[in-house]
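Engineer: My questions will all concern the structure given below.
Chains as they are written, first to last, in the numbering used here: chain A, 276 to 338; chain B, 8 to 254.
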């Protein structure tokens, strides 16, 4: 192991703010992007389902 | 060798199913590679004799910068296909790539600023490498703004394709900026012609992270393009037949 303690690991030899600021922003943005893509996909599916339901019920009314 | 009909896969209907089958594998690979890269980079890799522990920013900075350039080239590639063959998928792929590319361009600038401050004493300098990367970020934003401002899909795809193709000239400028001009930014860490200018273990962690970012991008773009296909093909019969769409 390169690090003797967790506090030493987080301190990054005095560069903690810079190293964790970089890693943290990367992690946050990647997570947000994944989340956004999932929400957009689910919303689209829900919308298409709703449209289909409306289309079907109007067909049934015509019968 | 069997002749592959690429246009078959370029049909949105086929691609929708193909992307669904493929993206989870890329997501798994990206996760495994990132875990390995981070472990190698933060546990195994030694302290740098010049930059102490601060150099570890390289494990996200270089991969993010590479991806910001690769994704822009991929957008230009799809745009050329779109303009020449008029395939519907091209516009959707270009559009699916843009947000991820913009994010990596931003990360490149952000992690660069956080690296520049302790090493150069400045968050930002108007150096050729930094400035051309900033222009790349603006090109992504310009592409997204332009394509979302035009309602007609075909016109919007064409306008976007032009930005993507014309803007691609900026990518080699970014790449060679450290050679062509005297920049504060250091030269290439890895090049095809020379031995890499870094310790092997550091290099491996960086390459693993780069591969992880690459697979992440493929997974996410395939996922996102499926949403776009559904939105654009909403009136097509095959979309109404999908299990996930049936009411």
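All C-beta atoms, glycine included, are put in the ideal place defined by N, C-alpha and C.
Of all the options B:104, B:110 and B:220, which has the alpha carbon lying nearest to the alpha carbon of residue 37 of chain B?
Structural biologist: Out of B:104, B:110 and B:220, B:220 has the C-alpha closest to the C-alpha of residue 37 of chain B.
Engineer: What residues of chain A sit near residue 64 of chain B, judged by a beta carbon separation below 7 Å?
Structural biologist: Correct list: 293, 294 and 297.
Engineer: Output, in chain order, the set of chain A residues within a Cβ distance shorter than 9 Å of residue 132 of chain B.
Structural biologist: Per Cβ cutoff of 9 Å: no residues; residue 132 of chain B is ~16 Å from chain A at best.
Engineer: Applying the criterion that 16 or more other CB atoms from any shown protein chain within 10 Å of the CB defines a buried residue, is residue 176 of chain B buried or exposed?
Structural biologist: Exposed.
Engineer: Please find out if some non-hydrogen atom of the ligand FAD comes closer than 8 Å to the beta-carbon of residue 247 of chain B.
Structural biologist: For the structure depicted, the ligand FAD is absent and the ligand set is empty, with no information on it obtainable.
Engineer: Compare the beta carbon distance of residue 287 of chain A and residue 281 of chain A with 9 Å and say whether it is the shorter of the two.
Structural biologist: For residue 287 of chain A and residue 281 of chain A, no; Cβs fall outside 9 Å.
Engineer: Taking all protein chains shown into account, do 16 or more other C-beta atoms lie within 10 angstroms of the C-beta of residue 226 of chain B, making it buried, or fewer, making it exposed?
Structural biologist: It is buried - the Cβ of residue 226 of chain B has at least 16 other Cβ atoms within 10 Å.
Engineer: DSSP state of residue 59 of chain B, grouped into three classes?
Structural biologist: Of the three classes helix, strand and coil, the one that applies to residue 59 of chain B here is strand, per DSSP.
Engineer: Put residue 280 of chain A into one of helix, strand or coil per three-state DSSP.
Structural biologist: Residue state, collapsed to three classes: coil.
Engineer: Would you mind stating whether residue 140 of chain B and residue 181 of chain B have Cβ atoms separated by less than 9 Å?
Structural biologist: For residue 140 of chain B and residue 181 of chain B, yes; Cβs fall inside 9 Å.
Engineer: Look at residue 147 of chain B and residue 105 of chain B and say whether their C-beta atoms are less than 9 Å apart.
Structural biologist: Closer than 9 Å, so yes.
Engineer: I'd like to know if residue 335 of chain A contacts chain B, where contact means its C-beta is closer than 9 Å to some C-beta of that chain.
Structural biologist: No - not a single Cβ of chain B is within 9 Å of the one on residue 335 of chain A.
Engineer: Quick check on the DSSP output: the alpha helix (DSSP H) that includes residue 290 of chain A runs from which residue to which?
Structural biologist: Here residue 290 of chain A belongs to no alpha helix (DSSP H), and DSSP marks it neither H nor E.
Engineer: Give the C-beta separation of residue 68 of chain B and residue 118 of chain B to the nearest angstrom, bearing in mind that I take them to be a contact with Cβ-Cβ under 8 Å.
Structural biologist: Indeed, because the Cβ distance is near 4 Å, the residues count as touching under 8 Å.
Engineer: Taking C-beta pairs closer than 8 Å, name the residues in chain A that residue 233 of chain B reaches, listed in chain order.
Structural biologist: Near residue 233 of chain B (Cβ distances below 8 Å), the residues of chain A are 316.
Engineer: Compare the C-beta of residue 306 of chain A against all C-beta atoms of chain B and say whether one is closer than 9 Å.
Structural biologist: Residue 306 of chain A does not count as touching chain B.
Engineer: Would residue 54 of chain B pass as a contact of residue 82 of chain B if the rule is Cβ separation under 9 Å?
Structural biologist: No, they are not a contact pair.
Engineer: Pick out the complete alpha helix (DSSP H) segments inside the region 48-100 of chain B, 4 residues or longer, and give them in chain order.
Structural biologist: Counting only runs of 4 or more, we get 65-92.
Engineer: Just verifying my parser: in three-state terms, what is the DSSP assignment at residue 241 of chain B?
Structural biologist: Correct three-state label for residue 241 of chain B: coil.
Engineer: I believe residue 112 of chain B touches residue 144 of chain B by the beta-carbon criterion, under 8 Å. Please report the beta-carbon distance rounded to the nearest angstrom.
Structural biologist: Confirmed, Cβ separation roughly 4 Å.
Engineer: Could you tell me the boundaries of the alpha helix (DSSP H) in which residue 163 of chain B lies?
Structural biologist: Where residue 163 of chain B is concerned, the enclosing alpha helix (DSSP H) stretches over 160-174.
Engineer: When DSSP labels each residue in this structure, what does residue 318 of chain A get in the three-state scheme?
Structural biologist: Looking at residue 318 of chain A - three-state DSSP - the assignment turns out to be helix.
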